[in-house]
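Comments concern the structure below.
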Amino acid sequence: YFISTEGSPRRRQLFSVKTVGLFPRRCLTCELNKAHCLYFGSDISPTNQHIILRCKGPGAPTVILHSLIHSNYYILENNLLLKAALQFKRIQMTDFRTVQMEHFDLPLKISYPPDFSESRHYGLLLLIDSAPGGQAVSERFSLGWDSVLVSSDSVIVARLDGRGSGFQGQRVLHEVHQRLGTVDVQDQIAAVEFMMTFPYIDRTRIAVFGKGYGAYITLMMLKSTDSLFKCACAMSPVTDWKLYASAFSERYLGMPLRDDSRYQFSSVLQSVQALKEETLMLVHGTADANIHFQHTAELVKNLVKVGANYSMQIYPDEGHFLSQQSRVHLYATLTSFYRECLKEELLPLPDDEEEEEE
Numbered sequence: 001y002f003i004s005t006e007g008s009p010r011r012r013q014l015f016s017v018k019t020v021g022l023f024p025r026r027c028l029t030c031e032l033n034k035a036h037c038l039y040f041g042s043d044i045s046p047t048n049q050h051i052i053l054r055c056k057g058p059g060a061p062t063v064i065l066h067s068l069i070h071s072n073y074y075i076l077e078n079n080l081l082l083k084a085a086l087q088f089k090r091i092q093m094t095d096f097r098t099v100q101m102e103h104f105d106l107p108l109k110i111s112y113p114p115d116f117s118e119s120r121h122y123g124l125l126l127l128i129d130s131a132p133g134g135q136a137v138s139e140r141f142s143l144g145w146d147s148v149l150v151s152s153d154s155v156i157v158a159r160l161d162g163r164g165s166g167f168q169g170q171r172v173l174h175e176v177h178q179r180l181g182t183v184d185v186q187d188q189i190a191a192v193e194f195m196m197t198f199p200y201i202d203r204t205r206i207a208v209f210g211k212g213y214g215a216y217i218t219l220m221m222l223k224s225t226d227s228l229f230k231c232a233c234a235m236s237p238v239t240d241w242k243l244y245a246s247a248f249s250e251r252y253l254g255m256p257l258r259d260d261s262r263y264q265f266s267s268v269l270q271s272v273q274a275l276k277e278e279t280l281m282l283v284h285g286t287a288d289a290n291i292h293f294q295h296t297a298e299l300v301k302n303l304v305k306v307g308a309n310y311s312m313q314i315y316p317d318e319g320h321f322l323s324q325q326s327r328v329h330l331y332a333t334l335t336s337f338y339r340e341c342l343k344e345e346l347l348p349l350p351d352d353e354e355e356e357e358e
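Numbering (UniProt numbering), first residue to last: 1 to 358.
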């Protein structure tokens with residue numbers, strides 16, 4: 001038994017295969033509740049007689065116990081309370097597009113407000129929250145702080161799996177080797193430019209958010225563009241690969257002493273002057289053991305030197321993954337920041353009263 005992306009990188013289906021003959025494979029989940037379940041996870045019992053199927057989307061997640069011998073099954077979790085609650089909520093609509101970039105077809109996921117109309121103009125928020133080998137565009141069910149902006153503030157949210165992302169083959173995966181912060185940045189900018197061709201996107205209201213490696217891409221995008229983004233937030237950014245885990249940095253950039261030019265070119269700390277006029281918010285936990293706070297501290301030191309415009313939110317004694325209380329505060333901070341940034345500017349009505357001529 002194995003989980004496969006056959007059919008679409010966005011999906012996960014359970015297959016079985018015989019180890020004799022021509023290895024004929026059979027999809028066991030492709031016909032199970034196709035309207036709500038396209039992304040599966042599974043756990044097989046030690047006796048190979050039962051399997052737990054976890055339907056992770058696009059509908060509300062469910063967990064089912066199946067027999068591998070008979071057709072019997074038992075629903076372990078149906079999430080009825082969640083499904084009932086969602087019926088009375090303004091839920092975002094999701095669309096999938098493709099961005100063509102240098103002979104690559106890169107998947108783009110777009111979340112639209114529930115009352116979307118092409119005759120209106122919307123702000124755009126680009127989310128970058130996956131590292132090389134990761135995946136942001138999938139059929140998994142997801143509701144996050146950005147969903148509030150989509151449903152309540154009529155903001156369109158987009159995610160792109162650019163070059164270097166996973167589950168699209170080795171050719172896409174290895175494109176960022178020795179080129180961190182180059183082709184992956186170009187892909188994200190291309191996605192924004194692609195969406196700017198839509199008549200309902202307000203070009204003056206475009207923002208970007210990134211965490212971890214995504215925050216690194218966010219900062220590199222700000223340096224590579226001129227007034228493309230109205231505002232940006234970088235959470236726990238990698239700013240200098242010499243300060244990051246050597247296993248990751250050397251895998252993609254080589255040895256620092258031998259390939260120092262690659263480290264210099266890939267560093268956010270080079271040419272910080274380009275960030276001077278950007279509306280930027282930095283977020284970091286001081287006890288982050290994955291991406292040390294030193295990354296943000298070094299960036300702030302350089303931002304102060306050039307007199308850059310930035311704001312900062314620090315979470316003392318918090319690691320890379322915040323505690324529940326801090327997460328609530330973070331989500332409120334992010335929604336407030338982007339709500340203010342992406343709100344529609346209402347032009348004052350002309351004064352109809354004419355002055356009387358003397």
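Note that CB positions come from ideal geometry on N, CA and C, so glycine has one too.
Own chain residues within Cβ distance below 8 Å of residue i, not counting five before or after
{"i": "Thr-42", "result": "This sequence places Ser at residue 42; Thr is not what is there. For Ser-42, where only same-chain residues beyond five positions count, the Cβ hits under 8 Å are Tyr-1, Ile-3, Leu-14, Ile-51, Ile-52, Leu-53, Arg-54."}
{"i": "Gln-294", "result": "Leu-243"}
{"i": "Thr-286", "result": "Phe-293, Ile-314, Tyr-315, Pro-316, Asp-317, Glu-318"}
{"i": "Ala-60", "result": "His-36, Asn-79, Leu-82, Lys-83, Leu-86, Phe-141"}
{"i": "Phe-337", "result": "Cys-231, Cys-233, Met-281"}
{"i": "Asp-105", "result": "Thr-98, Val-99"}
{"i": "residue 373", "result": "Outside the displayed span of the chain (1 to 358) sits residue 373, for which this structure offers no information."}
Cα-Cα separation between residue i and residue j, rounded to whole angstroms
{"i": "Ile-44", "j": "Asp-240", "result": "43 Å"}
{"i": "Glu-102", "j": "Leu-228", "result": "22 Å"}
{"i": "Val-17", "j": "Pro-24", "result": "6 Å"}
{"i": "Arg-11", "j": "Gly-307", "result": "46 Å"}
{"i": "Trp-145", "j": "Leu-125", "result": "12 Å"}
{"i": "residue 362", "j": "Glu-345", "result": "In the structure as shown, the chain starts at 1 and stops at 358, and residue 362 therefore has no counterpart that could be examined."}
{"i": "Ile-189", "j": "Met-221", "result": "7 Å"}
{"i": "Met-255", "j": "Gln-178", "result": "11 Å"}
{"i": "Tyr-213", "j": "Ala-131", "result": "5 Å"}
{"i": "Thr-98", "j": "Thr-47", "result": "43 Å"}
{"i": "Ile-91", "j": "Arg-262", "result": "44 Å"}
{"i": "Ala-245", "j": "Cys-30", "result": "40 Å"}
{"i": "Met-235", "j": "Gln-170", "result": "29 Å"}
{"i": "residue 367", "j": "Glu-277", "result": "This structure does not reach residue 367, given that the chain is present from 1 up to 358, and the question cannot be answered."}
{"i": "Gln-264", "j": "Ala-136", "result": "28 Å"}
{"i": "Glu-354", "j": "Lys-343", "result": "Residue placement at Glu-354 is flagged as unreliable, the pLDDT there being 43, under the threshold of 50; a coordinate-derived value is accordingly withheld."}
{"i": "Thr-5", "j": "His-174", "result": "19 Å"}
{"i": "Ala-215", "j": "Leu-22", "result": "46 Å"}
{"i": "Ser-326", "j": "Phe-194", "result": "35 Å"}
{"i": "Asp-129", "j": "Leu-68", "result": "37 Å"}
For residue i, the three-state DSSP class (helix, strand or coil)
{"i": "Glu-340", "result": "helix"}
{"i": "Arg-140", "result": "coil"}
{"i": "Met-255", "result": "coil"}
{"i": "Ala-190", "result": "helix"}
{"i": "Lys-83", "result": "helix"}
{"i": "Glu-298", "result": "helix"}
{"i": "Val-185", "result": "helix"}
{"i": "Leu-106", "result": "strand"}
{"i": "Arg-171", "result": "helix"}
{"i": "Met-196", "result": "coil"}
{"i": "Gly-212", "result": "coil"}
{"i": "Tyr-263", "result": "helix"}
Reference residue i; option with closest CA among the options
{"i": "residue 366", "options": "Gln-168, Val-272, Leu-173", "result": "Here the chain comprises residues numbered 1 to 358, so residue 366 is not present and cannot be evaluated."}
{"i": "Tyr-315", "options": "Gln-273, Leu-282, Cys-231, Met-221", "result": "Leu-282"}
{"i": "Ala-158", "options": "Phe-96, Leu-173, Ser-267", "result": "Phe-96"}
{"i": "Leu-180", "options": "Glu-193, Arg-90, Leu-253", "result": "Leu-253"}
{"i": "Leu-127", "options": "Gly-133, Cys-30, Ile-110, Phe-265", "result": "Ile-110"}
{"i": "Ser-267", "options": "Arg-251, Asn-290, Pro-237", "result": "Pro-237"}
{"i": "Pro-107", "options": "Gly-21, Tyr-331, Thr-94", "result": "Thr-94"}
{"i": "Lys-223", "options": "Asp-259, Phe-198, Thr-182, Lys-211", "result": "Thr-182"}
Close Cβ partners of residue i (< 7 Å) along its chain, the five nearest in sequence each way excluded
{"i": "Leu-303", "result": "Val-272, Leu-275, Tyr-310"}
{"i": "Asp-184", "result": "Gly-162, Arg-163, Gly-164, Val-176, Ile-217"}
{"i": "Tyr-200", "result": "Glu-118, Arg-120, His-121, Tyr-122"}
{"i": "Leu-65", "result": "His-50, Ile-52, Tyr-73, Tyr-74, Leu-76"}
{"i": "Leu-269", "result": "Thr-239, Asp-240, Glu-298, Leu-299, Asn-302"}
{"i": "Gly-134", "result": "Ser-165, Gly-166"}
{"i": "Leu-322", "result": "Gly-285, Tyr-315, Leu-330"}
Spatial neighbours of residue i in its chain, beta-carbon cut-off 6 Å, leaving aside the 5 residues before and after
{"i": "Glu-341", "result": "It is worth fixing the name first, because residue 341 is Cys in this sequence and not Glu. Closer than 6 Å at the Cβ level, and outside the excluded window around Cys-341, lie Ala-207, Lys-230, Cys-231."}
{"i": "Arg-203", "result": "Met-196"}
{"i": "Thr-296", "result": "Leu-282, His-284"}
{"i": "Glu-139", "result": "Arg-10, Arg-11, Leu-38, Tyr-39, Gly-57, Pro-58"}
{"i": "Val-148", "result": "Thr-335"}
{"i": "Val-63", "result": "Arg-54, Leu-76, Glu-77"}
{"i": "Cys-27", "result": "Gln-13, Phe-15"}
{"i": "Pro-113", "result": "Val-150, Ser-154"}
The region 140-155 / the region 64-72 touching (three or more Cβ pairs under 8 Å):
no
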